[in-house]
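Read through the structure below, which is laid out as structure tokens, and then see the notes.
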Amino acid sequence: MATPQARGVIFIHSAPRALCPHLEWAAGRALGRAVNFDWDDQPVLSGSRRAEFYWEGPAGTGAALATAIRGWEHLRFEVSEDPTPRSDGGRWMHTPSLGIHYAQTDAAGNVVIGEDRLRYAMEIGAGDAFELQRELNVALGSAWDEELEPFRHAGDNAAVVWLHKVG
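Every position in the sequence shown, counted from 1, becomes a number in this note's numbering once 30 is added.
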């Protein structure tokens with residue numbers, strides 16, 4: 031049986047300018063063909079660049095892409111892989127401070143938390159609602175989402191507003 035074809039997106043949210051050609055090379059190697067990203071300045075982080083690249087390949091290519099581009103300092107990225115009729119979708123998020131996070135996704139792009147992970151969270155929570163909430167936030171990748179959100183909005187050419195907690 032042939033491997034199903036998948037598709038997805040690489041979002042480079044911020045990368046130092048000098049790293050950009052290396053990211054293209056690494057992604058191209060994972061895809062088996064040369065790629066060129068359309069780079070733009072990342073207004074949230076001076077001196078960094080951002081890019082989006084839509085890809086197609088065999089199921090599992092998202093994991094190969096995330097593996098190929100992880101490990102560089104100062105790099106923030108997301109890789110998504112849409113589900114196919116025979117494979118789950120996925121989302122890989124990376125930040126310099128948090129490292130990499132993987133989550134399975136459904137057809138609408140929602141994070142799917144498996145039964146074993148839910149049981150683990152309930153066991154660790156052991157009746158403590160705050161601990162259960164913390165574990166579920168880890169499973170959902172909430173910390174990664176929070177850190178990447180300003181970079182995502184900057185990619186939409188939206189004005190970035192920094193809000194600071196007071197008190």
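C-beta: ideal position from N, C-alpha, C; glycine also.
Could you tell me how far apart the beta carbons of residue i and residue j are, in whole angstroms, since I believe they sit closer than 8 angstroms?
i, j, result
"G155", "L162", "3 angstroms"
Mapping DSSP to helix, strand and coil, what is residue i?
i, result
"D146", "helix"
"P88", "strand"
"P180", "helix"
"F198", "The structure shown does not extend to residue 198, since the chain is modelled only from 31 through 197, so no value can be given for it."
"G101", "coil"
"R116", "coil"
"A81", "strand"
"G62", "coil"
"P34", "coil"
Is it true that the CB of residue j sits closer than 7 angstroms to the CB of residue i?
i, j, result
"R106", "H52", "no"
"A173", "V74", "no"
"V109", "L128", "no"
"A89", "T33", "yes"
"D146", "R37", "no"
So, at 8 angstroms on beta carbons, what are the nonlocal neighbours of residue i in its own chain, with the 5 sequence-adjacent residues on each side left out?
i, result
"P126", "E103, H104, L105 and R106"
Could you spell out the range, first to last residue, of the alpha helix (DSSP H) harbouring residue i?
i, result
"W122", "Run containing W122: none in the alpha helix (DSSP H); it sits in the beta strand (DSSP E), G119 to T125."
"A169", "A159 to L170"
Using a Cβ-Cβ cut-off of 6 angstroms (strictly less than) and excluding sequence neighbours within five positions of residue i, which residues of its own chain qualify?
i, result
"R47", "R79"
"W69", "C50, R79 and A81"
Starting from residue i, trace the beta strand (DSSP E) in both directions and tell me its first and last residue.
i, result
"G139", "No beta strand (DSSP E) contains G139, which DSSP labels as neither H nor E."
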